[in-house]
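Going down the list, the protein sequences come from chains D and Z.
Under numbering that gives the first Met the number 0, think of the first position of the first sequence as 0, with each following residue one higher.
Under numbering that gives the first Met the number 0, think of the first position of the second sequence as 0, with each following residue one higher.
Ideal placement from N, C-alpha and C gives every residue a C-beta, glycine not left out.
In this text, all values refer to a predicted model and were calculated from it rather than measured experimentally.
Protein chains: 2
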Amino acid sequence: MAVVSETVSFAIDSEDKLTAARSGVMQTAHGVFQTPAFAPVATAGSVKTLLFEEVRSLGAEIVLSNTYHLYLKPGVEVIRQAGGLHRFINWGGPMLTDSGGFQAYRLSEFFDYQEEGVSFRSHWDGSPHFFSPEKVLEIQQVLGSDLIMPLDFCPPYPADEALVARSIRVTTEWAKRSKTWWESRDRLSHWGQRQFLFGIVQGSTSPSWRKRSAQELVELEFDGYALGGLSLGESKKETFETVGITVEHLPADRLRYLMGMGTPADLVLGIEQGIDLFDCALPTRNARNGTVYNWEGKLVLKGAGFKDDFGPIDERCGCPACRNYTRAYIRHLFNAKEITAMHMATLHNLWFYQELLRTVREKIRTNEFTAFKKNFMERYREEEIC
Amino acid sequence: MAVVSETVSFAIDSEDKLTAARSGVMQTAHGVFQTPAFAPVATAGSVKTLLFEEVRSLGAEIVLSNTYHLYLKPGVEVIRQAGGLHRFINWGGPMLTDSGGFQAYRLSEFFDYQEEGVSFRSHWDGSPHFFSPEKVLEIQQVLGSDLIMPLDFCPPYPADEALVARSIRVTTEWAKRSKTWWESRDRLSHWGQRQFLFGIVQGSTSPSWRKRSAQELVELEFDGYALGGLSLGESKKETFETVGITVEHLPADRLRYLMGMGTPADLVLGIEQGIDLFDCALPTRNARNGTVYNWEGKLVLKGAGFKDDFGPIDERCGCPACRNYTRAYIRHLFNAKEITAMHMATLHNLWFYQELLRTVREKIRTNEFTAFKKNFMERYREEEIC
Numbered sequence: 000m001a002v003v004s005e006t007v008s009f010a011i012d013s014e015d016k017l018t019a020a021r022s023g024v025m026q027t028a029h030g031v032f033q034t035p036a037f038a039p040v041a042t043a044g045s046v047k048t049l050l051f052e053e054v055r056s057l058g059a060e061i062v063l064s065n066t067y068h069l070y071l072k073p074g075v076e077v078i079r080q081a082g083g084l085h086r087f088i089n090w091g092g093p094m095l096t097d098s099g100g101f102q103a104y105r106l107s108e109f110f111d112y113q114e115e116g117v118s119f120r121s122h123w124d125g126s127p128h129f130f131s132p133e134k135v136l137e138i139q140q141v142l143g144s145d146l147i148m149p150l151d152f153c154p155p156y157p158a159d160e161a162l163v164a165r166s167i168r169v170t171t172e173w174a175k176r177s178k179t180w181w182e183s184r185d186r187l188s189h190w191g192q193r194q195f196l197f198g199i200v201q202g203s204t205s206p207s208w209r210k211r212s213a214q215e216l217v218e219l220e221f222d223g224y225a226l227g228g229l230s231l232g233e234s235k236k237e238t239f240e241t242v243g244i245t246v247e248h249l250p251a252d253r254l255r256y257l258m259g260m261g262t263p264a265d266l267v268l269g270i271e272q273g274i275d276l277f278d279c280a281l282p283t284r285n286a287r288n289g290t291v292y293n294w295e296g297k298l299v300l301k302g303a304g305f306k307d308d309f310g311p312i313d314e315r316c317g318c319p320a321c322r323n324y325t326r327a328y329i330r331h332l333f334n335a336k337e338i339t340a341m342h343m344a345t346l347h348n349l350w351f352y353q354e355l356l357r358t359v360r361e362k363i364r365t366n367e368f369t370a371f372k373k374n375f376m377e378r379y380r381e382e383e384i385c
Numbered sequence: 000m001a002v003v004s005e006t007v008s009f010a011i012d013s014e015d016k017l018t019a020a021r022s023g024v025m026q027t028a029h030g031v032f033q034t035p036a037f038a039p040v041a042t043a044g045s046v047k048t049l050l051f052e053e054v055r056s057l058g059a060e061i062v063l064s065n066t067y068h069l070y071l072k073p074g075v076e077v078i079r080q081a082g083g084l085h086r087f088i089n090w091g092g093p094m095l096t097d098s099g100g101f102q103a104y105r106l107s108e109f110f111d112y113q114e115e116g117v118s119f120r121s122h123w124d125g126s127p128h129f130f131s132p133e134k135v136l137e138i139q140q141v142l143g144s145d146l147i148m149p150l151d152f153c154p155p156y157p158a159d160e161a162l163v164a165r166s167i168r169v170t171t172e173w174a175k176r177s178k179t180w181w182e183s184r185d186r187l188s189h190w191g192q193r194q195f196l197f198g199i200v201q202g203s204t205s206p207s208w209r210k211r212s213a214q215e216l217v218e219l220e221f222d223g224y225a226l227g228g229l230s231l232g233e234s235k236k237e238t239f240e241t242v243g244i245t246v247e248h249l250p251a252d253r254l255r256y257l258m259g260m261g262t263p264a265d266l267v268l269g270i271e272q273g274i275d276l277f278d279c280a281l282p283t284r285n286a287r288n289g290t291v292y293n294w295e296g297k298l299v300l301k302g303a304g305f306k307d308d309f310g311p312i313d314e315r316c317g318c319p320a321c322r323n324y325t326r327a328y329i330r331h332l333f334n335a336k337e338i339t340a341m342h343m344a345t346l347h348n349l350w351f352y353q354e355l356l357r358t359v360r361e362k363i364r365t366n367e368f369t370a371f372k373k374n375f376m377e378r379y380r381e382e383e384i385c
């Protein structure tokens with residue numbers, strides 16, 4: 000059995016003087032990751048198109064996998080036999096898993112929140128399943144991920160007051176059950192390694208409900224705090240106001256994780272509000288659709304404008320796609336429906352996200368974050384360039 | 000303008016004592032490749048799922064691209080502007096292109112052999128096109144590929160005597176026109192580099208027509224000779240008898256290329272008959288379907304038998320998929336429809352093909368080819384293992 004640290008292994012090394020941005024390092028049983036961090040999404044156990052050697056080479060230090068997907072395929076038993084998820088997928092670094100509740104809610108046609116947990120049907124074969132707070136932790140205990148998430152109640156947006164109230168009551172209740180179960184397992188994975196359990200703050204865009212949710216969870220004391228239920232249709236302004244209000248009620252020494260977001264601009268705005276960790280399918284999904292990022296915004300590579308553009312996606316980028324291939328070539332591969340196009344664009348987009356985060360960490364450490372943010376937001380346009 | 004070699008740069012370094020197998024080196028304007036060689040298929044300018052750095056790392060020294068596909072997308076003009084195909088796709092090594100005639104025949108619904116050439120409609124948009132012998136060389140001249148193929152007439156299998164007779168007459172006529180055109184361009188690409196033009200032997204499975212076709216082409220003197228019109232439905236026995244009979248009528252000092260084949264066993268049997276070069280979509284296409292090779296045969300990775308098989312695809316393999324990932328994991332990725340599965344299986348299958356060819360070259364050089372072949376054919380089974 001590994002030695003258990005009783006303290007949370009998160010150390011902040013710099014705090015921006017003008018904003019809530021901070022940089023730090025999180026130590027896990029599978030090594031460290033620097034914050035603010037972006038975790039590429041390895042939904043079903045792979046970052047789509049890539050081998051993990053590539054993911055690592057792009058600078059990613061932590062990846063996210065989905066409990067819902069892995070529970071359905073290949074199933075917990077195969078991963079147990081493999082010796083846990085790190086071994087099964089051969090990612091040796093820090094790993095984050097969600098509870099699976101959100102995917103059950105989004106992917107299942109027959110999803111139902113009950114007091115005891117959530118019932119849903121597999122999107123693969125329609126088979127019925129039930130996740131309780133204890134069950135999703137038990138799965139994550141076998142997965143052996145480093146950062147684990149409890150089951151929570153995520154209301155849709157917009158939601159009426161009664162539903163938000165219910166979601167907070169249930170989320171807090173499940174958080175309690177989660178903490179009890181996790182402590183009964185000595186906060187260890189099935190493989191004897193320290194797992195960090197987070198509390199997930201809900202409350203839609205309501206400042207009072209966010210405050211209440213945060214306070215109830217902080218009282219329970221978690222290793223870190225996640226912000227759930229955002230980017231569901233509310234305006235960007237509402238999103239980041241909600242983030243800011245929520246963060247005010249979270250302890251400064253715990254890692255803060257903004258779930259399932261976002262665009263490059265979202266990352267910068269979230270960091271400004273004090274967020275330490277992000278995950279999102281956007282850069283990899285966009286890559287597969289032919290949309291790539293640079294410091295000016297998004298390029299839709301299929302566009303005719305790139306037909307004879309023999310420069311790289313981004314002159315300043317060090318990714319394998321930019322070092323060795325042109326926009327014209329990658330555009331051609333997308334138009335010819337070649338899988339290599341998706342592979343190259345994925346390499347680029349994840350490199351760009353990691354480069355953005357490397358830059359932000361540097362700017363926080365040199366106390367230049369505000370100037371960087373201003374400059375970035377002026378140059379970066381959300382409109383697509385074709 | 001580059002210096003033009005007047006002799007064909009193919010040197011045989013070993014000849015097997017018991018069979019027609021031989022090993023050698025072909026020198027091109029883009030470097031050498033050792034023979035017997037297998038050229039992975041980069042149909043539309045990429046080996047599907049891979050970057051060329053990966054293709055190179057697997058040991059491939061030459062790749063094949065398809066004139067038909069590149070002519071339709073992105074079109075010759077874009078490749079001309081890029082400075083040729085090597086630059087456009089960033090493959091710096093030897094490259095082979097076909098004439099496009101075979102793809103026009105296989106992919107177009109409105110294909111017609113005429114005396115002047117072939118007319119067809121694009122499989123992308125139905126637009127009408129015409130390939131003459133001169134036109135396909137003009138395209139390949141701009142592509143700048145090292146080994147180029149003339150337009151030929153490939154009869155279906157089976158074909159009646161009259162059709163085979165016509166195909167030989169047309170193929171020889173077009174070969175003459177091709178040679179005239181190519182010599183008028185000093186055998187140089189648009190980029191001033193030596194291009195090697197091959198003659199393509201047709202004749203279905205008829206020994207007499209194959210002999211006649213070979214003799215007519217040899218009289219015209221080409222840099223190398225390709226065997227077309229095989230693996231179209233005839234038995235394996237007929238295929239390799241035809242290969243053997245054809246090779247007898249080809250000059251020993253010229254490279255022999257068996258087009259569009261084949262399985263690992265096909266490669267060994269072809270090499271036994273004196274073939275120096277192969278290309279085939281099989282290993283990459285099979286990879287994307289989840290079928291992978293090892294020295295015992297083919298594994299269908301999706302099979303339930305691999306669910307908890309935590310060994311590599313092949314214990315002796317040095318490819319990135321075998322060094323770092325298990326059958327159980329790759330099977331899971333196939334079942335979850337993850338693109339990474341295709342990527343990994345492609346890496347493995349191409350590595351296996353290159354490893355097979357490396358082994359064969361070594362065995363020819365040590366005069367152990369016959370023993371190797373016997374051993375290989377005893378172990379290698381064509382049936383799939385699930």
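If the criterion is Cβ atoms closer than 8 angstroms, does the pair Gly116(D) and Thr66(D) meet it?
Not closer than 8 angstroms, so no.
For my contact list, Gly198(Z) and Phe221(Z) are in at a C-beta cut-off of 8 angstroms; report their separation, rounded to the angstrom.
About 4 angstroms; that satisfies the 8 angstroms criterion.
Any beta-carbon of chain Z closer than 8 angstroms to the one on Val13(D)?
The sequence as given places Ser at residue 13(D); Val does not occur at that position. No, Ser13(D) lies away from the interface with chain Z (no Cβ there is under 8 angstroms from its Cβ).
With a threshold of 16 other CB atoms inside 10 Å of the CB of Gln214(Z), please say whether the residue is buried or exposed.
Gln214(Z) comes out exposed.
List, in order along the chain, the chain D residues whose C-beta lies closer than 9 angstroms to that of Gly44(Z)?
Simply Tyr328, His331, Leu332, Ala335, Glu337 and Thr339.
Using a Cβ cut-off of 8 angstroms (strictly closer), state whether Met343(Z) contacts chain D.
Output row for Met343(Z): interface = yes.
Would you call the segment 155-167 of chain Z and the segment 134-141 of chain Z touching, i.e. three or more CB-CB distances under 8 angstroms?
They do not touch, by the three-pair rule.
Can you tell me which of Thr241(Z), Met376(Z), Val200(Z) and Ser64(Z) puts its alpha carbon nearest to the alpha carbon of Asn293(Z)?
Of the candidates Thr241(Z), Met376(Z), Val200(Z) and Ser64(Z), the one whose C-alpha sits nearest the C-alpha of Asn293(Z) is Met376(Z).
What does the Cβ neighbour count give for Gln113(D), buried or exposed, with the cut at 16 atoms within 10 Å?
Classification for Gln113(D): exposed.
Count Cβ pairs between the segment 322-341 of chain D and the segment 40-50 of chain Z that sit closer than 8 angstroms; are there 3 or more?
Flag = yes, the segment 322-341 of chain D and the segment 40-50 of chain Z touch.
For Asn288(Z), is the classification buried or exposed, using 16 other Cβ atoms within 10 angstroms of its Cβ as the cut-off for buried?
So Asn288(Z) ends up on the exposed side.
State the DSSP-derived secondary structure class of Ser207(D), mapped to helix, strand or coil.
Looking at Ser207(D) - three-state DSSP - the assignment turns out to be helix.
Please tell me whether Glu240(D) has its Cβ less than 8 angstroms away from any Cβ of chain Z.
Glu240(D) does not count as touching chain Z.
For a minimum of 3 consecutive residues, which ranges assigned as the beta strand (DSSP E) are wholly contained in the segment 199-247 of chain D?
Correct list: 223-226.
Of all Cβ atoms in chain D, is any one closer than 8 angstroms to the Cβ of Lys306(Z)?
For Lys306(Z), the answer is yes, since a Cβ of chain D falls inside 8 angstroms of its Cβ.
Say whether the segment 72-88 of chain Z touches the segment 349-369 of chain Z, bearing in mind that this needs 3 or more beta-carbon pairs closer than 8 angstroms, one atom from each stretch.
Touching, no, given that fewer than three Cβ pairs across the two stretches are closer than 8 angstroms.
Using 8 angstroms as the limit for Cβ to Cβ distance, is Phe87(D) near chain Z?
Answer yes: the Cβ-Cβ gap between Phe87(D) and chain Z drops below 8 angstroms somewhere.
If you run the structure through DSSP and keep just helix, strand and coil, what is Glu342(Z)?
Inspection of the sequence shows that residue 342(Z) is occupied by His rather than by Glu. His342(Z) falls in the helix class under three-state DSSP.
Drop a sphere of 10 angstroms on the beta-carbon of Gly191(Z), count the other beta-carbons inside from all chains shown, and report buried for 16 or more, exposed for fewer.
Answer is exposed; the Cβ neighbour count stays below 16.
Consider the Cβ of Pro52(D): report whether some Cβ of chain Z lies at a distance smaller than 8 angstroms.
Pro is not the amino acid found at residue 52(D); the sequence shown has Glu there. It does; some Cβ of chain Z falls within 8 angstroms.
Do you know how far the Cα of Leu355(D) is from the Cα of Trp123(D)?
Spanning the two alpha carbons is a distance of roughly 36 angstroms.
Within 10 angstroms of the Cβ of Lys372(D), are there 16 or more other Cβ atoms? Answer buried if so, exposed if not.
Buried, since its Cβ has 16 or more Cβ neighbours within 10 Å.
When the cut-off is 8 angstroms and only beta carbons count, does Phe119(D) lie next to chain Z?
No, its Cβ sits nowhere closer than 8 angstroms to a Cβ of chain Z.
Beta-carbon within less than 7 angstroms of Gly296(Z)'s beta-carbon, same chain only, minus the 5 sequence neighbours each way: which residues are those?
Excluding sequence neighbours, Gly296(Z) sits near Tyr379, Arg380, Glu381, Glu382 and Ile384.
Closest by CA to Leu266(D), which one among Leu17(D), Ser8(D), Phe37(D) and Phe101(D)?
Nearest option by C-alpha distance: Phe37(D).
Assuming Asp12(D) contacts Gly23(D) under a Cβ cut-off of 8 angstroms, what Cβ separation, rounded to an integer in Å, is found between them?
Right, the Cβ-Cβ distance comes to about 5 angstroms (below 8 angstroms), so this counts as a contact.
Identify whether Arg315(D) lies in helix, strand or coil by the three-state DSSP scheme.
It is coil, neither helix nor strand.
Going by beta carbon distance, what residues of the same chain come within less than 6 angstroms of Leu57(Z), once the five residues before and after it are set aside?
Around Leu57(Z): Leu349, Trp350 and Gln353.
Note down the Cα distance separating Tyr256(Z) from Met258(D), rounded to an integer number of angstroms.
The alpha-carbon atoms of Tyr256(Z) and Met258(D) are separated by roughly 56 angstroms.
Looking at the structure shown, is Ser121(D) part of a helix, part of a strand, or coil, going by DSSP?
Ser121(D): coil per DSSP, three-state reduction.
Let me see if you follow: with CB-CB separation under 8 angstroms, is Thr283(Z) close to chain D or not?
It does not: the Cβ of Thr283(Z) has no partner Cβ on chain D nearer than 8 angstroms.
Applying the criterion that 16 or more other CB atoms from any shown protein chain within 10 Å of the CB defines a buried residue, is Lys16(D) buried or exposed?
When all chains shown are included, Lys16(D) counts as exposed.
Please state the DSSP three-state secondary structure of Lys47(D).
Three-state DSSP puts Lys47(D) in coil, outside helix and strand.
Please confirm whether Asn323(D) has its beta-carbon closer than 8 angstroms to some beta-carbon of chain Z.
Yes, contact with chain Z.
Please report the straight-line C-alpha distance between Gly320(Z) and Val54(Z), rounded to a whole angstrom.
A small correction: the amino acid at residue 320(Z) is Ala; Gly does not occupy that position in the sequence shown. In a straight line, the C-alpha of Ala320(Z) is about 14 angstroms away from that of Val54(Z).
Starting from Gln80(Z), trace the alpha helix (DSSP H) both ways and give me its first and last residue.
Run containing Gln80(Z): Val75 to Ala81, per the alpha helix (DSSP H) assignment.
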